[in-house]
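Colleague: All you need for the numbering used here is the position in the sequence shown, starting with 1, plus 2.
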Amino acid sequence: MSVKESLKDTGVRFSEATAGDFFALLKPRVMALAVFTAFVGLMVAPGAMNPVIAVIAIGAIAVGAGAAGSLNMWYDADIDALMSRTSSRPVPSGRVTPGEALGFGLVLSAFSVMTLGVLVGWLAASLLAFTIFFYVVIYTMWLKRSTPQNIVIGGAAGALPPMIGWAAATGAIGIESLILFLIIFLWTPPHFWALALFKAGDYAAAGIPMMPNVAGQASTRRQIFAYSLLLAPIGVLPWAFGFTSGFYGIVSAALGAGFIWCAWKVLVIPDKEMKPAKALFAYSIFYLFAIFAMLLADTIAMRAFMSAGG
3 MSVKESLKDT GVRFSEATAG DFFALLKPRV MALAVFTAFV GLMVAPGAMN PVIAVIAIGA
63 IAVGAGAAGS LNMWYDADID ALMSRTSSRP VPSGRVTPGE ALGFGLVLSA FSVMTLGVLV
123 GWLAASLLAF TIFFYVVIYT MWLKRSTPQN IVIGGAAGAL PPMIGWAAAT GAIGIESLIL
183 FLIIFLWTPP HFWALALFKA GDYAAAGIPM MPNVAGQAST RRQIFAYSLL LAPIGVLPWA
243 FGFTSGFYGI VSAALGAGFI WCAWKVLVIP DKEMKPAKAL FAYSIFYLFA IFAMLLADTI
303 AMRAFMSAGG
């Protein structure tokens, strides 16, 4: 008889989790977005960074983002079980025990922060620690279940990765990194409220006070449009502050106009199938990826041009 079988006889509970289940705890899609925006923040920062240190920094940020996801799934297992889009996650489905998810998240949190602090810099590590704390304690444990402004305030956690990347490269926080923070911060409400419009039933079943369930669909649509009007010009600020080229300015303005157009259709076109809301949700993902990809490409192009000219 194996040790595991012997312990089962004593009542000790083990999950049947696979490596894939623990990877799912990291919320890989959310983690990928955090890693990408952090990488862009690191790359657009001035000066040169040792490639090995840069890889360590991005790896630590990735682990920290995954740790926050694991802790979120541990705490939210009860409401995740009530929603169709989250019921198959590892904890509510029973593949991973709550204790395993909690321990996994805590170990990864400590490892990521200490690695970033010791090998890269303590400002970046402090920002990473604050991001994990904000996402898990402020957003997950408090805001998510208590206010329809959960996404507005909680969006700060998702907006911090480019600042962490910038701090890792420079040891400071510049106006440029604050602009990158602001882009993601203002992008978050219309992105998630578009989702909430066509998943309102799920959120109602779980008792989560998302905006459509509390303020109604009409108010949510108006707020989505208002945020899109704020986001579009903010997306152009990297050009306005002079750390990107005019090409980025043109492309970001066009992307912002597309966001406003999609939000306008959500505002004025009533549709029981929620096609405009689904279209905005999809476009918002494309928008954020395109904005940060353009920032990265523009920075690389400008540096290559200056290097060739020098």
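Yeah, the Cβ is synthetic: ideal placement off N, Cα and C, and Gly gets one too.
Within 10 angstroms of the Cβ of R305, are there 16 or more other Cβ atoms? Answer buried if so, exposed if not.
Modeller: Reading the sequence shown from its first residue, position 303 is the one you call residue 305. Exposed.
Colleague: What residue does the alpha helix (DSSP H) around A19 start on, and which one ends it?
Modeller: In the sequence shown, residue 19 corresponds to position 17, counting from 1. Per DSSP, A19 belongs to no alpha helix (DSSP H) and is neither H nor E.
Colleague: DSSP three-state label for V98, please.
Modeller: What you label residue 98 is simply residue 96 of the sequence shown in a count that begins at 1. Three-state result, V98: coil.
Colleague: Between which residues of its own chain and V94 is the CB-CB distance below 6 Å, once the five residues before and five after are set aside?
Modeller: Locating residue 94 in the sequence shown gives position 92, where the first residue counts as 1. It should be noted that the sequence gives Pro, not Val, for residue 94. Within the same chain, P94 has close Cβ partners A79, D82 and A83.
Colleague: Is the beta carbon of F132 sitting closer than 9 Å to the one on F291?
Modeller: Residue mapping note: residue 132 aligns to position 130 of the sequence shown, counting from 1. Residue mapping note: residue 291 aligns to position 289 of the sequence shown, counting from 1. For F132 and F291, no; Cβs fall outside 9 Å.
Colleague: Compute the Euclidean distance between the alpha carbons of V138 and M308, then round it to the nearest angstrom.
Modeller: By one-based count along the sequence shown, residue 138 stands at place 136. By one-based count along the sequence shown, residue 308 stands at place 306. Taking the straight line joining both Cα atoms gives about 43 Å.
Colleague: With 16 other CB atoms within 10 Å as the buried threshold, where does P192 fall?
Modeller: Indexing the sequence shown from 1 puts residue 192 at position 190. P192 comes out buried.
Colleague: Can you tell me whether R31 is buried or exposed, with buried defined as 16 or more other CB within 10 angstroms of its CB?
Modeller: The sequence position of residue 31 within the sequence shown is 29, counting from 1. R31 should be labelled exposed.
Colleague: Excluding the 5 residues preceding and the 5 following L118 in the sequence, name in chain order all residues of the same chain whose CB lies nearer than 6 Å to its CB.
Modeller: Translated into the one-based positions of the sequence shown, residue 118 becomes position 116. Cβ neighbours of L118 beyond the five flanking positions: A62, A126, A127 and L130.
Colleague: Candidates F41, A310 and G22: which alpha carbon is nearest A169's?
Modeller: Here residue 169 is taken as the residue at index 167 of the sequence shown, counted from 1. Among F41, A310 and G22, the Cα nearest to that of A169 belongs to F41.
Colleague: Mapping the DSSP letters down to three states, classify P211 as helix, strand or coil.
Modeller: Position 209 of the sequence shown holds residue 211. Three-state DSSP puts P211 in coil, outside helix and strand.
Colleague: For the alpha helix (DSSP H) that contains S221, what are its first and last residues?
Modeller: In the sequence shown, the residue the question calls residue 221 occupies position 219. Here the alpha helix (DSSP H) through S221 covers Q219 to I236.
Colleague: Beta-carbon within less than 7 Å of A255's beta-carbon, same chain only, minus the 5 sequence neighbours each way: which residues are those?
Modeller: By 1-based counting over the sequence shown, the position of residue 255 is 253. Same-chain partners within the cutoff: V238.
Colleague: Out of curiosity, what's the CA-to-CA distance linking M3 and P100?
Modeller: The sequence position of residue 3 within the sequence shown is 1, counting from 1. The sequence position of residue 100 within the sequence shown is 98, counting from 1. Residue confidence is low: M3 scores 44 on pLDDT, short of 50, so the model does not pin down where it sits. Its coordinate-derived value is still stated next. Going from the Cα of M3 to the Cα of P100 covers about 26 Å.
Colleague: Do V46 and L298 have their C-beta atoms closer together than 9 Å?
Modeller: The residue labelled residue 46 in the question sits at position 44 within the sequence shown. The residue labelled residue 298 in the question sits at position 296 within the sequence shown. Result yes, Cβ atoms of V46 and L298 sit closer than 9 Å.
Colleague: Where F283 and L197 are concerned, what is the direct C-alpha to C-alpha distance, given to the nearest angstrom?
Modeller: On the sequence shown, residue 283 is found 281 positions in, with the first residue counted as 1. On the sequence shown, residue 197 is found 195 positions in, with the first residue counted as 1. If I take the Cα positions, the gap works out to 6 Å.
Colleague: Among F243, C264 and T172, which one has its Cα closest to the Cα of Y229?
Modeller: In the sequence shown, the residue the question calls residue 229 occupies position 227. Considering only alpha carbons, the answer is C264.
Colleague: What's the gap between the Cα of F187 and the Cα of G160?
Modeller: Taking the first residue of the sequence shown as position 1, residue 187 is located at position 185. Taking the first residue of the sequence shown as position 1, residue 160 is located at position 158. Approximately 7 Å, taken between the alpha carbons.
Colleague: Could you give the DSSP three-state label for I175: helix, strand or coil?
Modeller: As a working mapping, residue 175 is identified with position 173 in the sequence shown. Here I175 sits in coil by DSSP.
Colleague: Got a sec? Which residues, its chain only, sit under 8 Å from G248 by beta carbon, not counting five neighbours each side?
Modeller: What you label residue 248 is simply residue 246 of the sequence shown in a count that begins at 1. Around G248: W241.
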